[in-house]
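A short worksheet on the structure shown next.
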Amino acid sequence: MRPLAVPLLLLPWALAAHAEPLPGFLDSHEYERRLPAANLPIEAYRPISPNLRLAGPVGERLDWAPADTPVVVHKVRFEGGTVFPLSDLREHYQPLVGRQTTLGELQQYTRQLTQRYRQEGYLLSYAYLPPQDVAEGRVNVVLVEGYIRDYHIDGDIGPASDYLRQLLARLETERPLTRETLERYLGLAGRLPGVSIEAELAMARTGDGAALLTVHARHKPFSAAVTLADSSRDDAQALLTATSNAQTRFAEQFQASLLLPPGDDQVHYQRVDYSQHLDEAGSQLLLSASRYRSEPDTRIRLDDGRDITRERDSQRYAIGLRQPVIVRPNEWLAVQGHVYAVSEHVEERQSSSRDYDTSVRALSFEGDWRKVEGSRLRMVSAGVYQGLDYLGARSDADYDMDFLRFRLSALQSDPLSASWQGVVSGALYWSDDRLPDSERVGFGGQSFGRGYPRDQADGDKGGGCGLRGELQHAG
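The sequence shown runs -19 to -1, 1 to 456 under mature numbering (1 follows the signal peptide of the UniProt record, and there is no 0).
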């Protein structure tokens, strides 16, 4: 099987949600595995990183006197600066005190202070030698500790600009500004649904360190995509997805999905998702509702040797919260928790028919981490799921409604040549309980058991690993 993603409205599927997608085998929800999934290149899973351009000095040039001007340093005086203790600054220049040197060597020591600011994470801070008379051996060093005094948004993104301003306002509160803070809030801004940004930072040219941030923003209010699946084992089907992006000040996203046509197995699937931002820390409210129905003619062989057909009708509702923890250009970590309910009706047909209903109530806690190191990409996704034996939870079958299950999956890609890269992946699912059908893991289709149809090779626990090569296309 090789599912294809067809972009509509000139917007690729991977960017429509404007959040890091997950490969199909990292998604723990068993019914989602049965749907056509976009066969995205490995590059689509890298952390989103808005472009940032720095303009202005990283330190002043020594253009007010020749670099070979001799100087006998007796005293070094510092103007500005709060990050480094005065004793550390004096110690830095101590090797030059009391001996003859040159302005060029003084400039080198001053540049080392700028490098130290960078190493400590102060992107806009630097040191320089102002024009001065050094004939008597008294040297003045100016320390500029930069911060963002103001920002400007170039481009109309509608009401969502209110939330974008909340994020950018957080950058104005830190003095001096650190790289970590800048990367976090620009990274959160770059994840607004349907919004793409580029940032330009004019570094301070004055002693007070004031800098100007300009954010160039574009907004795609609507997007749509079609994901096709066609194979010798499964019917040709299309998963249609329409998305509304950031139409209000909450920077929300509304997405609706529909599976067509039903095919020989009479598979019907509808889903709606809603998310909105809650605060400038990037917290999000997550809501979803879905329905999956199937009436397959394919017979399933049970452990006792019986062959049955199984019809299914499953409805799922979830509410949750997501919180970004690490937001950097090369690293992303987010955690999320859900409360969800699943109502399911199953009919098993053999010589005689049997039907049963199951109502699941459960809590989930999940984490998604990914990091880029050079050309290497690493991803880890994990989840813990706890069933609740109350709030209406029940089953006509012999299931453990207070189940506990775990999920751990990972991926690593490394370049093999200029055009090829190797991808190693693996997943482990474990539970010591008899799980309801909605909680079972499936390995068929695009998962590790590719020899099986999408709706087979499932169970309460299991593991898989894979190794593949991927051809990279330029442009």
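In this text, a Cβ means the ideal position worked out from N, Cα and C, and glycines have one as well.
Test item: CB-CB of G139 and L105 under 8 Å: no
Could you tell me which uninterrupted alpha helix (DSSP H) segments, each at least 4 residues in length, are contained entirely in the region 132 to 206, listed from first to last along the chain? 142 to 153, 160 to 170
Would you kindly check if the distance between the Cβ of F387 and the Cβ of D414 is under 8 Å? Not in contact: D414 and F387 (Cβ atoms no closer than 8 Å).
In three-state DSSP terms, what is R335? strand
Please report how far the alpha carbon of T229 lies from the alpha carbon of I29, in whole angstroms. 22 Å
Output yes or no for whether 8 Å exceeds the beta carbon distance between G244 and P305. It is not a contact, given that the beta carbons lie outside the stated cut-off.
Indicate the three-state DSSP secondary structure (helix, strand or coil) for D254 in the structure shown. In the structure shown, D254 sits in a strand (DSSP, three-state: E or B).
How many angstroms separate the CA atom of G373 from the CA atom of I289? Their Cα atoms are separated by approximately 29 Å.
Based on the DSSP secondary-structure assignment, which residues constitute the bridge partners of residue 458? Since the first and last residues shown for the chain are -19 and 456, residue 458 lies out of range.
Assign W(-7) to one of two classes, buried (16 or more other C-beta atoms within 10 Å of its C-beta) or exposed (fewer than that). The pLDDT assigned to W(-7) is 35, lower than 50, so where the model puts this residue is not dependable; a value taken from the coordinates is nonetheless given after this. Buried, by the Cβ-count rule.
What does DSSP give as the partner residue(s) for H319 in the beta ladder? G301, S345
For L87 versus E261, is the C-beta distance shorter than 8 Å? no
Local Cβ density within 10 Å of T91, reported as buried at 16 or more and exposed below that: buried
Measure the C-alpha to C-alpha separation of A315 and A391 and round it to an integer number of angstroms. It is roughly 15 Å from the alpha-carbon of A315 to the alpha-carbon of A391.
Would you tell me roughly how many angstroms separate the C-alpha atoms of P4 and Y26, rounded to the nearest one? 8 Å
Relative to the C-alpha of R291, which candidate in L43, R330, R199 has its C-alpha closest? That would be R330, whose Cα lies nearest to the Cα of R291.
Outcome for E24 when other beta-carbon atoms lying within 10 angstroms are tallied against a minimum of 16: So E24 counts as exposed.
Is it true that the CB of T222 sits closer than 8 Å to the CB of A206? yes
Report whether the distance from the Cβ of S264 to the nearest heavy atom of the ligand GTP is below 7 Å. The ligand GTP is absent from the structure shown, which contains no ligands of any kind.
Let's test the definition: count the other Cβ atoms within 10 Å of the Cβ of V405 and tell me whether it reaches 16, buried, or not, exposed. exposed
Please return the same chain residues whose Cβ sits closer than 6 Å to the Cβ of H133, not counting the five positions on each side in sequence. Same-chain partners within the cutoff: T195.
Quick one: grab the DSSP three-state call for H73. Under the three-state reduction of DSSP, H73 is assigned to helix.
Sorted by chain position, which residues of the same chain lie with C-beta nearer than 6 Å to Q113's C-beta, five sequence neighbours on each side aside? N121
Report the rounded CA-to-CA distance for A150 versus T187, giving the unit in angstroms. 22 Å
For L266, collect the residues of the same chain with a Cβ closer than 7 Å to its Cβ; drop the 5 residues on either side in sequence, then sort them by chain order. S256, Q257, L259, L302
Determine the DSSP secondary structure at S362, reduced to helix, strand or coil. strand
For D49, does the count of other Cβ atoms within 10 angstroms reach 16, so buried, or fall short, so exposed? exposed
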